[in-house]
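Heads up: the sequence shown begins at 127 in the working numbering, then just goes up one per residue. Note that CB positions come from ideal geometry on N, CA and C, so glycine has one too. Since the structure comes first, as structure tokens, the remarks are kept for the end.
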Amino acid sequence: MGILGIYLTNFARTTQLDNLRSHLEKEARVTAEASIPAFLGKGSPDESGDILAKKLGKEIDARVTIIALDGRVMGDSEEDPSIMENHATRPEVRAALVSGLGESTRYSTTVGQQMMYVAVPITSQGKVIGVARVALTLAAVENSVGHVTLVVSLAIVATTALVILAAWLIARATTRPIREITRASRRIAQGELDQRIMVGTRDETGQLARAFNEMSANLNKLVGEISAEKTKLATILSNMADGVVMADTEGKIVMANKATEALFNFREEEVVTKPVIEAVRDHEVDEVLKLSLSTGQQQIAQFESGITKRFIRAIALPIGDDKPAGALLLFQDLTEMRSIQTMRREMVGNISHELRTPIAGIKAMVETLKDGAIDDKEAARDFLARIDSEVDRLTQMVSELTELSHIETGRAELRMASIDLNRLIEEGIAQLNPLAQKQQVDIVTDFASNLPVIKADKDRIRQVVINLVHNAIKFNHPGGQIKVSTRSNSETITVNISDNGTGISSDDLPHIFERFYKADKSRSKGGSGLGLAIARHTIQAHGGKIWVKSEEGKGSTFSFSLPLKTGLDTEL
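In structure tokens form, the structure reads like this:
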């Protein structure tokens, strides 16, 4: 029916257009004959052509245009030719001059309607002297075609409606139960597992509906249990500190938790279905995975990730007993544990070394005294003074170790109070002036005026200043100078302690704030190597920063900054 309607509509339109085209061609040729005198007359061709066009337009009830060979409009039944643009490029005009007949259908901006144009050449004695064009709107054609289309459409709609109604009435009675089952099945497929079908018949369709309802209830219960377990498992995996990856029998990733993403710097969606080795980029992991899949046994390996530079233990566990259906990879980050172990070993070694030297010296001096030097009063006094110095050094080391331990474990408490930092620094310098004079080192100050009062632990900040100034004296030379300055801005106060002493090598500079680290490898300058570590922890506990700039042989500048406002807890 639809095809027939389309055919009839197209046929009606084609017929109407052909009739209109023939009519316009006939009128155009009449116009061409009538226009010859306007071209050959003695008067103005433009004036006589325009009069003729308007006259013919009224007679045939169409738009008539008379055009010269150069495209200039000589006359038009609808417009003043003097304001009309050149028509040499109009498709119907060009076609008329080339083939003797031109036709074009387009929208006319002059009359505001869709128009059909037909043009023929104007000839005199076998010579083309112009073009006659006749045009009519397509409104009549469209109205006629629209009428035919309406009639055909109504007929099609009526017939189709009758057919559909009859088919629907027939099918409705026989397919309703099937439709109910189909609709419920689709909803179940979309996740609506509580669907039930109400069918009152006892035939095969009713039995199918009851079986469907039973299946739906069981499926709803089963999916609920699976969903709960899946949620529980996903929560566990997501919150695990260890990385977990599930791989299939080909070693390709099925899933990976967030901890694994952090360990190897990837996103799960980027690596799923890819081989494990492409994600972790370590052959040891690939080896333990392959061994676990081939042997069905647990495999363990430790390695340093080339991606994140972390030390990791990989445990491969086969899924299944006889023939593994895949494997679970468990990744444990051992970086912190390894760092703690290394730190513990280094600390024990450093403490042992620092204690061994003074204890050995004390032991040697005691044995010398026992061997008779005690009877030499001058030698005995010298040995006792040296023993006393070494004991003081040991006492200082134990005290600093205890202080550092308290700070690092958070057991040290900050006693915050308002302090004048310039005055506090002066107190520390005054305490060290005797040592500076002994070492022939000059200490100068350059304090900022009107320095804001800050909240800080007075004793701990004073100790930081003393440690830094003491180091500047110790690693200076006779005639050297130390400059202590303070500066402030809207957020911080900065203290700079500069010297022109021995300086620090570029190799030692990155480690200078580490525990027991000494730039003086000969250890001739003494000290425990803990002062700068304590200073760093103290400044950081106040929310500040500490740093150093140095050039070997030219001196060093140690600086620290403290915030003017702090929201710190009172515990380090």
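Comparing alpha-carbon positions, which option in E229, D508, S174 and V402 lies nearest A160?
S174
So, helix, strand or coil for Q239, using DSSP?
strand
Cβ-based burial, V524 [other Cβ within 10 Å; buried from 16]:
Exposed: under 16 other Cβ atoms inside 10 Å.
So, D202 versus I192, is the Cβ gap smaller than 9 Å?
With contacts defined by Cβ atoms closer than 9 Å, D202 and I192 form a contacting pair.
How many angstroms separate the CA atom of M210 from the CA atom of E218?
17 Å
Ignoring anything shorter than 4 residues, give me the alpha helix (DSSP H) runs that lie fully in the region 367-449, in order along the chain.
384-390, 394-397, 402-406 and 409-421
Can D514 and G369 be called in contact, C-beta distance under 9 Å?
no
Apart from the five residues just before and just after Q666, which ones in its own chain have a Cβ nearer than 6 Å to its Cβ?
none
Indicate the three-state DSSP secondary structure (helix, strand or coil) for V246 in the structure shown.
strand
On the CB-based measure, 16 or more other CB atoms within 10 Å of its CB, does K651 come out buried or exposed?
Note that K651 has pLDDT 49, beneath the 50 cutoff, so the model's placement of it is unreliable and no number is given.
Would P444 be called buried (16 or more neighbouring beta carbons within 10 Å of its own) or exposed?
buried
Determine whether the beta carbon atoms of I619 and I608 lie at a separation below 9 Å.
no
Using DSSP bridges, identify the partner residues of F338.
For F338, which the question treats as bridged, DSSP gives no partner whatsoever.
Considering S225, what are the terminal residues of the beta strand (DSSP E) in which it resides?
No beta strand (DSSP E) holds S225; the alpha helix (DSSP H) holding it covers P217 to S225.
Report the residue from A385, I587 and I485 whose alpha carbon sits nearest the alpha carbon of L456.
A385
For the alpha helix (DSSP H) holding K543, just list the boundary residues, first then last.
The residue asked about is misnamed: residue 543 is Ala in this sequence, not Lys. Taken as a continuous stretch (DSSP letters only), A543 belongs to no alpha helix (DSSP H), being part of the beta strand (DSSP E) at M542 to I545.
Which term fits V406, buried or exposed, when burial requires 16 or more other beta carbons within 10 angstroms of its beta carbon?
buried
Could you give the first and the last residue of the continuous alpha helix (DSSP H) run that contains L635?
Neither: L635 is in no alpha helix (DSSP H) and is coded neither H nor E.
Using the beta-carbon count (16 or more within 10 Å), is Q425 buried or exposed?
With 16 or more Cβ atoms within 10 Å of its Cβ, Q425 is classed as buried.
CA-to-CA distance, I592 to E553, given in whole angstroms
9 Å
Cβ separation of A440 and V414, assumed to be a contact under 8 Å, to the nearest whole Å
6 Å
Assign M200 to buried or exposed, taking buried as 16 or more other Cβ atoms, counted over all protein chains shown, within 10 Å of its Cβ.
Buried, because 16 or more other Cβ atoms sit within 10 Å of the Cβ of M200.
Are the beta-carbon atoms belonging to A310 and S342 less than 9 Å from one another?
yes
Three-state class that DSSP yields for N622 in the structure shown
Three-state DSSP puts N622 in a strand.
Three CB pairs or more closer than 8 Å across the region 276-294 and the region 255-265
Under the three-pair Cβ rule at 8 Å, the region 276-294 does not count as touching the region 255-265.
Measure the Cβ-Cβ separation of I162 and I248 and say whether it is below 9 Å.
yes
Just grab the DSSP bridge partners of Q458 for me.
R439
Between the CA atoms of H149 and A250 - distance to the nearest angstrom:
Note that residue 250 is Ser in the sequence shown, not Ala. Rounded to the nearest angstrom, the two C-alpha atoms are 23 Å apart.
Going by the beta-carbon positions, is the gap between P401 and D412 smaller than 9 Å?
Yes. Within cutoff.
Quick one: measure Cβ to Cβ for L688 and I580, integer angstroms, because I've assumed they're closer than 8 Å.
6 Å
P636 versus R393: straight-line alpha-carbon distance, rounded
C-alpha separation (whole angstroms): 34 Å.
Excluding sequence positions up to five away, which residues of its chain have a Cβ less than 8 Å from the Cβ of K168?
Confidence is the limiting factor: at K168 the pLDDT is only 48, short of 50, which leaves the residue's position unreliable and the question unanswerable from this model.
If you run the structure through DSSP and keep just helix, strand and coil, what is K691?
coil
Neighbourhood of F137 by C-beta, 7 Å cutoff - its chain only, sequence neighbours within 5 removed:
none
Can you tell me whether G183 is buried or exposed, with buried defined as 16 or more other CB within 10 angstroms of its CB?
buried
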